[in-house]
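Just below is one structure, and these are the notes that go with it.
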Amino acid sequence: MNGNGDSLKEILNAILTKKTWAIFVHERPDGDAIGSGSAFYSWGVALGKRCIWGGTHPVPKAYGYLPFVEEYQVMNFVPDVVREPDTAIIVLDTSNLERTVQGILDLYDSTLIVNIDHHMDNQRFGRLNYIDTSSSATAEIIWDLLNESKLPIPKDARIGIYTGIITDTGHFTYSNTTPKSHLIAQDVLSSGINPEQIFRYIYASRRLEGLKLWGLAFMRAFSTPDGKAVVSWLKKEDFEKLDADPYDSEGIVNQLLYVKGVIISALMTEGEDGEEVRVSFRAVTGVSVRELAQKWDGGGHPQAAACKIYLPMEKALDVVSKSIEEYVKNV
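Residue numbers (full-length UniProt numbering): 1 to 331.
Quick look at the structure:
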C-alpha cells in the first residue's frame with residue numbers, strides 16, 4: 001500500500017518540472033538500490049534532465065554492467081549542485097536518511113525531496129512519499145512510475161528494473177515474489193534483454209578470494225541448541241588476509257538459511273574500526289527478523305533485515321547469538 005497518500009501522478013507532476021534530478025540510494029547498495037537508481041537515471045537522461053546519482057559506498061562490481069553506473073558518485077554529503085534551484089532530490093530504496101548521504105534533511109524547506117521505497121519501516125522523510133510495501137522491490141515501483149508517465153521507457157531503464165526485481169526476489173524464489181513481478185519481467189524481457197547474461201554478471205563473476213571468504217564463514221557457522229538458527233561471523237582481518245572485497249560476503253547469510261531445519265540465519269561482519277559490527281538477518285516465510293534488527297535500531301523486511309552493533313566482535317557475537325536463541329524459542 002502507499003503509506004502516505006501521495007500518488008505516482010503527484011510525484012510525476014512534481015519531478016517532471018525540475019531541471020536537475022539528484023538520485024540517492026542507501027549505504028552498501030544492493031541490486032534493488034543500484035538497479036532502481038540506474039533505471040531512474042536512464043529515464044532522466046532520456047528526458048533531457050541533468051542527473052546525478054550516488055551514495056555513501058561504491059557500486060558492487062557485480063553490477064558494473066548497469067547503464068550509467070560509471071556516473072555513480074561515492075559521497076558522504078549532498079553536493080553543491082543539489083542546493084541549486086530547480087532540483088529534485090529522489091531517494092530510492094532507503095528506509096531512513098541515516099542510511100544515505102547526509103545533508104538532505106537540511107534542504108527540506110527549499111528543495112523537493114521524493115522518497116520512493118518498499119520497506120515497511122520507512123520513516124516517510126520526503127515532502128512526497130510513495131511507500132508500497134506490497135511491491136517485491138523498489139524497482140517495481142519505478143516501473144509503475146514510468147508507466148504512469150505514458151512516456152517511452154528506455155531499454156537502459158528496463159535493465160535496471162529487471163536487476164532490482166531479480167535480486168530482491170532471489171530470482172523469483174523468495175516469498176515476496178508476486179504474479180506482478182513475473183509480468184514486469186515478461187514485459188522487460190520482451191524488449192530483447194538477455195536474462196542469462198544478467199544472471200552471469202551478478203552470480204557467475206565471483207572472485208576466488210571471495211569464494212575462500214565464503215568457506216571461512218561456513219567453517220565458523222554454529223547453530224542454536226534447538227537447531228532453528230545458524231550464525232557465523234567475519235572479522236576485518238579475514239578480508240585483509242584473503243584480499244577479499246567487502247562485497248564478497250554478499251549472499252553468505254542466504255546460504256546459511258538453507259541448512260535443514262533452520263528458520264533464521266545471521267552473518268556478523270566487523271567494521272573498519274573494530275568497534276562496529278554489521279549484522280545481516282534472514283528468515284523463512286512466516287518468521288520475521290525485523291524485530292530482532294530493531295533491538296539495535298536496525299530494520300528492513302520481515303525475511304531480510306540488518307542492524308549495527310557498536311561492540312567488539314566477541315561481545316557482539318555473544319549478545320546476538322543469545323538474543324537469537326531466546327527469539328527462536330517462541331517461534
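A virtual CB, placed ideally from N, CA and C, is assigned to each residue, including glycine.
| query | Can you give the Cα-Cα distance for Asn2 and Leu213, rounded to whole angstroms? | reply | Its pLDDT being 47, under 50, Asn2 is placed unreliably in this model, and the value from its coordinates should be taken loosely. Going by the C-alpha atoms only, they are around 40 Å apart.
| query | Under a three-way DSSP split, which group does Asn194 fall into? | reply | Assignment of Asn194 by DSSP, reduced to helix, strand and coil, places it in the coil class.
| Does the beta-carbon distance from Val114 to Ile89 come in below 8 Å? | The criterion of a C-beta distance shorter than 8 Å is satisfied by Val114 and Ile89.
| field | Chain-order list of residues whose beta-carbon lies under 8 Å from that of Ala293 (same chain, five-residue window excluded) | value | Same-chain partners within the cutoff: Val279, Phe281, Gly299, Gly300, Ala305, Ala306, Cys307.
| field | Ile161 versus Gly210: straight-line alpha-carbon distance, rounded | value | Rounded to whole angstroms, Ile161 to Gly210 spans 27 Å at the Cα level.
| said: Does the structure place the segment 60-70 close enough to the segment 99-116 that three or more beta carbon pairs sit under 8 Å? | reply: The answer is no - the segment 60-70 does not touch the segment 99-116, with fewer than three Cβ pairs under 8 Å.
| Quick one: what's Lys308 bridged to in DSSP? | Answer is Arg278, bridged to Lys308.
| said: Among the candidates Phe199, Ala137, Arg207, whose CA atom is the shortest distance from the CA of Ile184? | reply: Measuring from the Cα of Ile184, the nearest candidate turns out to be Ala137.
| said: Taking its Cβ as the centre, do 16 or more other Cβ atoms sit within 10 Å of Met313, making it buried, or is it exposed? | reply: Answer is buried; the Cβ neighbour count reaches 16.
| message | On the CB-based measure, 16 or more other CB atoms within 10 Å of its CB, does Phe239 come out buried or exposed? | response | Buried, since its Cβ has 16 or more Cβ neighbours within 10 Å.
| task | Can you check DSSP and say which residues form a bridge with Thr87? | result | BP columns for Thr87 point to Thr20.
| task | Taking only the alpha-carbon atoms, compute the straight-line gap between Pro302 and Gly192 and give it to the nearest angstrom. | result | Looking at the two C-alpha atoms, the distance is approximately 34 Å.
| message | Restricting to Cα atoms, I'd like to know which of Val262, Thr17, Trp233 is closest to Asp226. | response | If we check each option's Cα against that of Asp226, Val262 comes out closest.
| So who's on the other strand from Asp117, going by DSSP bridges? | Its beta-bridge partners are Ile131.
| Nearest-angstrom Cα distance between Lys241 and Val319? | In a straight line, the C-alpha of Lys241 is about 26 Å away from that of Val319.
| Would Asp86 be called buried (16 or more neighbouring beta carbons within 10 Å of its own) or exposed? | Looking at its Cβ environment, which holds fewer than 16 other Cβ atoms inside 10 Å, Asp86 is exposed.
| message | Looking at Ile324: is its Cβ nearer than 8 Å to the Cβ of Ala266? | response | Inclusion of Ile324 and Ala266 in the CB contact set at 8 Å is warranted, their separation being smaller than that value.
| Can you give the Cα-Cα distance for Val82 and Phe218, rounded to whole angstroms? | Cα to Cα, the separation comes out at about 44 Å.
| How many angstroms separate the CA atom of Val74 from the CA atom of His119? | Going by the C-alpha atoms only, they are around 23 Å apart.
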